[in-house]
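Worksheet for the structure shown next.
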Ligand code: HEM
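Following this line, the structure appears as structure tokens:
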């Protein structure tokens, strides 16, 4: 062995090939099967993708680095289930490019956040967390009340569709209009949003002002959608713990 | 730097600078607004600046004719300067975000300085800016000494260093403007990622071409590690960053990976960024500078072989330990845990080999702060790899994951190991580069050492306490079977630890600033020359 290595050290290409081979095996064994086994690729029947407004909110979430302090992954542990809700399933993030499971909980997990607080609570909390939770250490985001730039949403959904997210032609064609309509419940377009994305989509003036589409609308719509895209985790929980 | 280039090389450089300007102009014109336009403008300005400087020097005298008889150290010197600039900026940002967690009201009301944007600025700045420049700079030095050959050409080292720093600047300024892929340690957007691939190919080619010119039959162990660093980082970077841009004229892209596959690819990348960026490359540094400084050969050649291949093979498997109890299939988690524990063997073999090398030189460790930096680095390497294997065990991870224990673990590795070995290498290298016996202010090295040790110690101990407290508070039940603490109570309990961590950070940062000033004083005013202790470059290959 030692002799062999003694000779290998004289061959730079030999070392290069050796390193590439040794460093490829582990990744191949662990990653490749994830694309085939049912547990990781099966999608629940009632699963819906994010609406255009929620998708825009997700972009704000990413842009502001909320994921640096908040995970979106309830682990399969008793205390987490008691604290946050049903544990997360692989399929719930199957359309998330990228996933936002996170790695640090400076703040609480958000995977089951949808419906936990009112829209007004979120708006007040994001503008100044300490106005709502006096000892919070979360940063304030007062600039989220500026207008949302919705011009790119259609193109973004088109890109996601090419990556396999189920945005069909109707969803793509109405992207910008749906973004606006989701935050103005009395408008003509509101019914179309429910028709295209299902009845459990929240259609509200998230920031309290239906006349203007803001980044706050988008972010709060996204936060309210967390954990509501499918009911399967809840169904599994009630089966496991009747 | 231009004086060391021949006229023909200046022309090549001019050509490359013009290409860079054109790339910048194209990006700016295509995007017109947003981060990509700003980044295009930056590239344009840099390209024009270089082009003007090079064009202006076309009629200046050529370098001395015996240039080829010397090592080419100007790039190393530039890389060291960049290392220290990034150290001060990025660790400064680290201290600032640490302070924000104690004092969140201090956040100015501007988007660019928000915690969520500055945190990736810190991680990219220290890993790539500080660590990356240190690796590239020292790799050029070590490669030439251990091969007894001058770098294969004089233009590509500059392409690598300047191009790499452009990548770093693009990345961190992008986050400030809100452009990020949100993948940890791979936040930079698609065009910056493509740019880095080009730079990396040039780097690899330069490395192989210089190795091909070597006058030593054997490739020294430090070079194996640098090679593993270059190759595997390329592989990780390309796979993890595969993305589909929304438009080629815009910043935004979507990674092709989704959900659980994305999580696995991300942490396969993320943990091996630790392994091949923050470990393999720095082991290369250790295997060269520790023997040089202590005047002792590496203790065991056999052990260095075993640990090298052990590290290259085992590390790749362990990424899934970041995903225990998640929706990742159980068997993948188990594989990650198993290999993480096995990884302790080659890791400790490396650390032990380094420490045993100091046998017979302990009096030097006592007297020489530079060697002490390297010794402490090896000790922290051993400690944090032990801790890493421990944290990868599933039940331990159920407590530690998502808490500040992870942050403590990360910094025992990055402050205790990575930064200490870099400082050790810098204090060895800088006097050599300036043809001196010692740094300009030798006593400041001693001060730096104690500031760094104290800062690391305070940081790590504070975060251990913070993390374990958090983990326990989250999982404690009261007698009625309800959770005892609200999340907010666990946040409140962190305040003293966050304050302590910020204080530790200030100490560590002060040391780094001292190092930067000391280096400036040492490099200043000294004519470039070969240090007295340098290994001679034989001009004729020994047949
Ligand atoms: C002055 C010294 C430093 C200070 C004060 C500091 C501070 C911090 C802070 C406050 C965080 C965020 C933790 C959180 O979100 O709770 C962080 C994260 C991080 N830092 Fe540092 N840092 C320092 C030096 C370094 C160095 C030298 C490196 C690497 C070479 C480094 C690598 C990292 C990494 C990789 C993370 C992310 C950790 C994770 O995601 O778990 N830091 N640092």
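Chains as they are written, first to last, in my numbering: chain A, 1 to 242; chain B, 1001 to 1543. Even for Gly, the Cβ is constructed at its ideal location relative to N, Cα and C.
* Establish whether the CB of residue 1129 of chain B and some CB of chain A are separated by less than 8 Å. => Working through the second chain from its first residue, we reach residue 1129 of chain B at position 129. False, the Cβ-Cβ gap to chain A never drops below 8 Å.
* To do: Taking residue 135 of chain A as part of the beta strand (DSSP E), name the residues at either end of that continuous run.
  => Walking along the first chain from the start, residue 135 of chain A turns up at place 135. Taken as a continuous stretch (DSSP letters only), residue 135 of chain A belongs to no beta strand (DSSP E), as it is neither H nor E.
* To do: Could you tell me which of B/1452, B/1429 and B/1494 sits nearest to residue 1076 of chain B, measuring between CA atoms?
  => The residue you call residue 1076 of chain B lines up with position 76 of the second chain. It is B/1429.
* Any chain B beta carbon closer than 8 Å to residue 216 of chain A -> Here residue 216 of chain A corresponds to residue number 216 of the first chain, with the count starting at 1. No, residue 216 of chain A lies away from the interface with chain B (no Cβ there is under 8 Å from its Cβ).
* Asked: With contact counted as at least three CB pairs below 8 Å, one residue from each stretch, are the segment 50-59 of chain A and the segment 1289-1305 of chain B in contact?
  -> no
* Tell me, please, which residues DSSP counts as bridged to residue 1245 of chain B. => Working through the second chain from its first residue, we reach residue 1245 of chain B at position 245. B/1253, per the DSSP bridge assignment.
* Establish whether the CB of residue 111 of chain A and some CB of chain B are separated by less than 8 Å. => The residue labelled residue 111 of chain A in the question sits at position 111 within the first chain. No, because no Cβ of chain B sits closer than 8 Å to the Cβ of residue 111 of chain A.
* Asked: Are there 16 or more other CB atoms within 10 angstroms of the CB of residue 1019 of chain B, so buried, or fewer, so exposed?
  -> If you number the second chain from 1, residue 1019 of chain B lands on position 19. So residue 1019 of chain B counts as exposed.
* To do: Would you please verify whether the beta carbon of residue 143 of chain A is less than 8 Å from any beta carbon of chain B?
  => Indexing the first chain from 1 puts residue 143 of chain A at position 143. Yes, residue 143 of chain A counts as interfacial toward chain B.
* To do: From the DSSP output, in three-state form, read off residue 1532 of chain B for me.
  => Numbered from 1 along the second chain, position 532 holds the residue referred to as residue 1532 of chain B. A caution first: residue 1532 of chain B carries a pLDDT of 47, below 50, which makes its placement in the model too unreliable to give a value.
* My understanding is that residue 1244 of chain B touches residue 162 of chain A, with C-beta atoms under 8 Å, so please give their C-beta distance in whole angstroms. => Reading the second chain from its first residue, position 244 is the one you call residue 1244 of chain B. Reading the first chain from its first residue, position 162 is the one you call residue 162 of chain A. About 7 Å separates the two Cβ atoms, so the contact holds.
* To do: Taking the CB atoms as reference points, tell me whether residue 1462 of chain B and residue 1435 of chain B lie closer together than 8 Å.
  => For the purposes of this step, residue 1462 of chain B is identified with residue 462 of the second chain, where counting begins at 1. For the purposes of this step, residue 1435 of chain B is identified with residue 435 of the second chain, where counting begins at 1. Not in contact: residue 1462 of chain B and residue 1435 of chain B (Cβ atoms no closer than 8 Å).
* **Contiguous alpha helix (DSSP H) assignments of at least 4 residues, all confined to the segment 1312-1336 of chain B** => none
* To do: Apply the 10 Å Cβ neighbour rule to residue 1045 of chain B and answer buried if 16 or more other Cβ atoms are within range, or exposed otherwise.
  => The sequence position of residue 1045 of chain B within the second chain is 45, counting from 1. Its Cβ having fewer than 16 others within 10 Å, residue 1045 of chain B is exposed.
* Asked: Exposed or buried, residue 84 of chain A, counting other C-beta atoms within 10 Å across all chains shown (16 or more means buried)?
  -> Residue mapping note: residue 84 of chain A aligns to position 84 of the first chain, counting from 1. So residue 84 of chain A ends up on the buried side.
* If you count every other CB in all the chains shown that lies within 10 Å of the CB of residue 121 of chain A, and 16 or more means buried, which is it? -> For the purposes of this step, residue 121 of chain A is taken as the residue at position 121 of the first chain. It counts as exposed.
* Tell whether a beta-carbon distance below 8 Å holds between residue 1308 of chain B and residue 1374 of chain B. => Counted from its first residue, the second chain places residue 1308 of chain B at position 308. Counted from its first residue, the second chain places residue 1374 of chain B at position 374. No; because the gap between Cβ atoms is not below 8 Å, this pair is not in contact.
* Minimum Cβ-Cβ distance from residue 89 of chain A to chain B less than 8 Å -> Along the first chain, one-based indexing puts residue 89 of chain A at 89. Residue 89 of chain A counts as touching chain B.
* Take residue 185 of chain A and list the residues in its own chain whose beta-carbon comes closer than 8 Å to its own, dropping the five residues that flank it on each side. => To locate residue 185 of chain A, count along the first chain from 1; it is residue 185. Closer than 8 Å at the Cβ level, and outside the excluded window around residue 185 of chain A, lie 203, 204, 205 and 210.
* Does residue 1180 of chain B come within less than 8 Å of chain A when only Cβ atoms are used? -> What you label residue 1180 of chain B is simply residue 180 of the second chain in a count that begins at 1. Closer than 8 Å: yes.
* residue 1539 of chain B: buried (16+ other C-beta within 10 angstroms of its C-beta) or exposed? -> Looking up residue 1539 of chain B in the second chain gives position 539. Caution is warranted here: a pLDDT of 47 is assigned to residue 1539 of chain B, below 50, making its placement in the model unreliable, and the coordinate value is therefore given only provisionally. With fewer than 16 Cβ atoms within 10 Å of its Cβ, residue 1539 of chain B is classed as exposed.
* For chain B, is any of its Cβ atoms less than 8 Å away from the one on residue 47 of chain A? -> As a first step, residue 47 of chain A must be located in the first chain, where it is residue number 47. So no, residue 47 of chain A is outside the interface.
* Any idea if residue 1543 of chain B is buried or exposed, counting beta-carbon neighbours within 10 angstroms, 16 or more meaning buried? -> The residue you call residue 1543 of chain B lines up with position 543 of the second chain. Note that residue 1543 of chain B scores 35 on pLDDT, short of 50, meaning its location in the model is unreliable; the coordinates nonetheless yield the value given after this. It is exposed - the Cβ of residue 1543 of chain B has fewer than 16 other Cβ atoms within 10 Å.
* Same chain, Cβ closer than 7 Å to residue 1202 of chain B, five either side skipped, listed in chain order -> As a position in the second chain, residue 1202 of chain B is number 202, starting the count at 1. Excluding residues within five positions, the ones whose Cβ falls inside 7 Å are 1156, 1159 and 1160.
* Asked: In chain D, which residues lie with their C-beta within 9 Å of the C-beta of residue 103 of chain A?
  -> This model lacks chain D altogether, as its protein chains are A and B.
* Asked: For the 8 Å Cβ check, are there 3 or more pairs between the segment 1055-1071 of chain B and the segment 1086-1093 of chain B?
  -> no
* Run of the alpha helix (DSSP H) containing residue 1105 of chain B, from where it starts to where it stops -> Sequence index remark: in the second chain, residue 1105 of chain B carries index 105 (1-based). Per DSSP, residue 1105 of chain B belongs to no alpha helix (DSSP H) and is neither H nor E.
* Three-state secondary structure (DSSP) of residue 1402 of chain B -> Taking the first residue of the second chain as position 1, residue 1402 of chain B is located at position 402. Here residue 1402 of chain B sits in strand by DSSP.
* Ignore the nearest five residues each way along the sequence and tell me which others in residue 113 of chain A's own chain have a CB closer than 8 Å to its CB. => Here residue 113 of chain A is taken as the residue at index 113 of the first chain, counted from 1. Closer than 8 Å at Cβ, skipping near neighbours: 223, 224, 226 and 227.
* **Between the CA atoms of residue 1359 of chain B and residue 1365 of chain B - distance to the nearest angstrom** => Within the second chain, the letter at position 365 stands for residue 1365 of chain B. Within the second chain, the letter at position 359 stands for residue 1359 of chain B. Answer to the nearest angstrom: the Cα atoms are 10 Å apart.
* Asked: Is residue 24 of chain A helix, strand or coil when you go by DSSP?
  -> In the first chain, residue 24 of chain A corresponds to position 24, counting from 1. The answer is helix: DSSP assigns residue 24 of chain A an H, G or I state.
* Contact check, residue 1273 of chain B vs residue 1228 of chain B, beta carbons under 8 Å -> As a working note, residue 1273 of chain B is residue 273 in the second chain. As a working note, residue 1228 of chain B is residue 228 in the second chain. No. Outside cutoff.
* **Three-way DSSP call (helix, strand, coil) for residue 1469 of chain B in this model** => As a position in the second chain, residue 1469 of chain B is number 469, starting the count at 1. DSSP places residue 1469 of chain B in helix when its eight states are reduced to three.
* Is it right to say residue 1060 of chain B is buried, meaning 16 or more other beta carbons lie within 10 angstroms of its own, or is it exposed? -> Position 60 of the second chain, counting from 1, holds the residue named residue 1060 of chain B. Its Cβ having fewer than 16 others within 10 Å, residue 1060 of chain B is exposed.
* Asked: Within 8 Å (strictly less), CB to CB, does residue 1479 of chain B reach chain A?
  -> Here residue 1479 of chain B corresponds to residue number 479 of the second chain, with the count starting at 1. It does not: the Cβ of residue 1479 of chain B has no partner Cβ on chain A nearer than 8 Å.
* Asked: What are the partner residues of residue 104 of chain A, as DSSP defines its beta bridges?
  -> As a first step, residue 104 of chain A is located in the first chain; it is residue number 104 there, counting from the start. Its beta-bridge partners are B/1402.
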